[in-house]
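Here the structure is laid out as structure tokens; the discussion comes afterwards.
Number of protein chains: 2
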Amino acid sequence: MTKSYHVAVVGATGAVGTQMIQLLEKAAIEIKQVTFLSSARSAGKKLTFKGKEITVQEAKPESFDDIDIALFSAGGSVSKQLAPQAAERGAVVIDNTSAFRMAEDVPLVVPEVNEHALKAHHGIIANPNCSTIQMVAALEPIRQAFGLKRVIVSTYQAVSGSGVSAINELKEQSQAILNDEPFSPQVMPVKGDKKHYQIAFNALPQIDVFTENDYTYEEMKMINETKKIMEDDAIQVAATCVRIPVVSGHSESVYIEIDKSGVTADQIRAALKDAPGVVLQDDPANQVYPQASEAAGKKEVFVGRIRADLDQPKGFHLWIVSDNLLKGAAWNSIQIAESLIKQGII
Amino acid sequence: MTKSYHVAVVGATGAVGTQMIQLLEKAAIEIKQVTFLSSARSAGKKLTFKGKEITVQEAKPESFDDIDIALFSAGGSVSKQLAPQAAERGAVVIDNTSAFRMAEDVPLVVPEVNEHALKAHHGIIANPNCSTIQMVAALEPIRQAFGLKRVIVSTYQAVSGSGVSAINELKEQSQAILNDEPFSPQVMPVKGDKKHYQIAFNALPQIDVFTENDYTYEEMKMINETKKIMEDDAIQVAATCVRIPVVSGHSESVYIEIDKSGVTADQIRAALKDAPGVVLQDDPANQVYPQASEAAGKKEVFVGRIRADLDQPKGFHLWIVSDNLLKGAAWNSIQIAESLIKQGII
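Protein chains in written order, with this note's numbering: chain R, 40 to 385; chain G, 40 to 385.
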């Protein structure tokens, strides 16, 4: 008999939670029951799952008493408070926040890269940062084939990673500017930071708050998480993270240096062609390259603009695009749940 | 007695031409007469210069008979045809297109970097590509102080570099998307290329058409022009050029490696602090960094997010922003004219 699971979604009414619920409906998970949880403010809302109306409940420690799999995406403070309680009550937590990502006993997993790490879980599994996930998914097949020495990434990130309020701000601000009307930024670049700036028709080189070394937390996440997921602290990673006026779909301009000599751009393409979860879109003669607007709503990571550096024999440039709410968040979480089941871990 | 000049603007009704005319009104150039030239299609339009109405005339070889300084910004084919004719008739041409930039006998000049090169002109002087100008203006003070070995740039470029039709497309398409109405891309990424794509709420990794090595012409311009302007073919330059939904103001995420050892980010900041044409905006603790929306309408190049690479002792990251129509085009052309006069070349 197939095992069946009681699955909870924490942050069910948010931008990522909404995607998780849609993906759960079609996931390779035998679901016996779902529980949708949120803050007190959103509790009582009605959501639909497989045609059935489900009332959202306030998330409390007791909410997890009967849960097998708990998908958390309600912000770091909610995870810090409730994820250990959920794990203690027997649920396997898949946490989409940064709360536990760098904790030693918490696997940080992109299934295409390191699903074996799930075996070592102690109740909490972390879903990496959106901008990291799509990058490592695209770079892992290259690393496997040719080694990976160095990564320099500049991101072009969509606002939806900052939630529904950020999406609304981008739309309303765009309309105000088109109408030549005044507007007052309230959300971007970081809801909880001191100053807010125009995001419509602009580019903001700040995602998350700044750390003491003048990198942002987002940039440090990309640097540290890449090393943890690829299980190689020797990989040199540098990141500049930038928010641009796109609703969904992160784009990344990535420079890499590989270990092996004499590799061509065609060999890089060949390594990506049949890689799991990766779609090669690379035909410059026909203007084929990944675009955020095309990637939005899709689960895959799209890679194009692959070309050899003109000076560094082991250097290559790539353009990597994916839906930050799907592969960057909800879909990767669901994939982790599916992998736990497939590997017989739960 | 101060010398006075008859100045022509070719492409007077375009996005850059309009800026040139406004800047000419306040330039350090004694102007005895202006002549505004355009294609036959725009001829007859009336423009204002210092409160006086001037009728735009069709540009022909004879138009340049009495001209001292001819500012060209009407596309490469117009420059190819008319700039040599203008120079033959005694005008000094300052050409904003790519037509002559890499020609050996044509100086390619950013006054803050290489104004001495103007002395060697033979009638035509080239204004570099917009994305190149702001980068070399910001990097030259660093090169002077510490040497420059390597540059890797990813751009976030505004649409206004593609002219008025691109600006209109971005605005109309943004409105259509906000209204959930259909739209049909006609201009972006490249007016003359085969396919056109959505630019509103998107990022397009193509500026200008592709070359045979899978880099775009824009990318190759940044690579080749940087070496020519800095007069150093040994500098390694790599570029990925991306169009984003911004009206005016190019942003650039730039990684550099310098020659000197033991240099700190503070020393890089010090080198830029009083550099000509450069404004340092770098205070992460107070969320101060350059933004396209703030740079638009200003003549300077803004630099921030300066930080040391975490692995490479000679590596640094910077965020460089400037108005692509001003320092990237019209203002740099006017500066070249001012420098020609200041240096007694004309």
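For every residue, glycine included, the Cβ atom is placed at its ideal position computed from N, Cα and C. None of the values given here were measured: they were computed from a predicted structure.
Query: Return the bridge partner residues of residue 229 of chain G from the DSSP annotation.; Result: In DSSP, residue 229 of chain G forms no bridge with anything.
Query: Please report the distance separating the alpha-carbon of residue 178 of chain G from that of residue 343 of chain G.; Result: 12 Å
Query: Please confirm if residue 233 of chain G has its CB atom under 8 Å from at least one CB of chain R.; Result: yes
Query: Roughly how many angstroms lie between the CA atoms of residue 388 of chain G and residue 350 of chain R, to the nearest whole one?; Result: No answer is possible for residue 388 of chain G: the residues shown for chain G start at 40 and end at 385.
Query: Keeping to the same chain, check which residues put their C-beta closer than 6 Å to that of residue 204 of chain R; ignore five residues upstream and five downstream.; Result: 226
Query: In chain order, what residues of the same chain have a beta carbon less than 7 Å from the beta carbon of residue 235 of chain G, not counting five sequence neighbours either side?; Result: 224, 225, 226 and 227
Query: To the nearest angstrom, how far is it from the Cα of residue 357 of chain R to the Cα of residue 171 of chain R?; Result: 15 Å
Query: Give a yes or no on whether the C-beta atoms belonging to residue 62 of chain R and residue 369 of chain R are separated by under 8 Å.; Result: yes
Query: Below 8 Å on C-beta distance, what does residue 286 of chain R contact in chain G?; Result: 240
Query: Give me the chain G residues within the contact set of residue 253 of chain R, using Cβ-Cβ distance strictly less than 8 Å, ordered along the chain.; Result: 304, 323, 344, 345 and 346
Query: Kindly indicate which residue of R/109, R/328 and R/216 has the alpha-carbon position closest to the one of residue 373 of chain R.; Result: R/109
Query: Please report the distance separating the alpha-carbon of residue 385 of chain G from that of residue 243 of chain R.; Result: 43 Å
Query: So, does the CB of residue 309 of chain G fall closer than 8 Å to a CB anywhere in chain R?; Result: no
Query: Residue 182 of chain R and residue 275 of chain R - do their beta-carbons sit closer together than 8 Å?; Result: no
Query: Strictly below 8 Å CB to CB, what residues from chain G border residue 210 of chain R?; Result: 217
Query: Give me the residue from R/220, R/290, R/239 and R/184 with the minimum Cα distance to residue 207 of chain R.; Result: R/239
Query: For a cutoff of 8 Å on Cβ pairs, would you count residue 362 of chain G as touching chain R?; Result: no
Query: Counting along the chain, where does the alpha helix (DSSP H) carrying residue 313 of chain G start and finish?; Result: From DSSP, residue 313 of chain G is part of no alpha helix (DSSP H); its letter is neither H nor E.
Query: Can you confirm whether residue 318 of chain G, when its beta carbon is compared against all beta carbons of chain R, has any partner nearer than 8 Å?; Result: no
Query: Taking Cβ to Cβ, would you say residue 132 of chain G is nearer than 8 Å to residue 164 of chain G?; Result: yes
Query: Does the Cβ-Cβ distance between residue 202 of chain G and residue 289 of chain G come in under 8 Å?; Result: no
Query: Could you tell me which residues DSSP puts in a beta bridge with residue 195 of chain G?; Result: G/290
Query: Against chain G, does residue 349 of chain R count as a neighbour if the rule is that its beta carbon must be under 8 Å from one of theirs?; Result: yes
Query: Is it right to say residue 160 of chain G is buried, meaning 16 or more other beta carbons lie within 10 angstroms of its own, or is it exposed?; Result: buried
Query: Exposed or buried, what is residue 312 of chain G when buried is set at 16 or more other beta-carbons lying within 10 Å of its beta-carbon?; Result: exposed
Query: Under a CB-based cut-off of 8 Å, is residue 201 of chain G close to chain R?; Result: no
Query: Using a Cβ-Cβ cutoff of less than 8 Å, which residues in the same chain neighbour residue 363 of chain R once the five nearest sequence positions on both sides are dropped?; Result: 169, 170, 173, 196, 197, 199, 200, 287, 288 and 289
Query: Write down the C-beta distance between residue 277 of chain R and residue 294 of chain G rounded to the nearest angstrom, noting that I regard them as a contact closer than 8 Å.; Result: 7 Å
Query: Using a cut-off of 7 Å between C-beta atoms, extract the partners of residue 244 of chain R located in chain G.; Result: 328, 344 and 358
Query: Would you check if the distance between the CB atom of residue 74 of chain R and the CB atom of residue 83 of chain R is smaller than 8 Å?; Result: no
Query: Any idea what DSSP makes of residue 277 of chain G, helix, strand or coil?; Result: strand
Query: Is the distance from the Cβ of residue 361 of chain G to the Cβ of residue 324 of chain G below 8 Å?; Result: no
Query: At 4 residues or longer, what runs of the alpha helix (DSSP H) sit wholly inside the stretch 138 to 164 of chain R?; Result: 150 to 153
Query: Quick check on the DSSP output: the alpha helix (DSSP H) that includes residue 378 of chain R runs from which residue to which?; Result: 370 to 381
Query: Nearest chain R C-beta to residue 170 of chain G closer than 8 Å, yes or no?; Result: no
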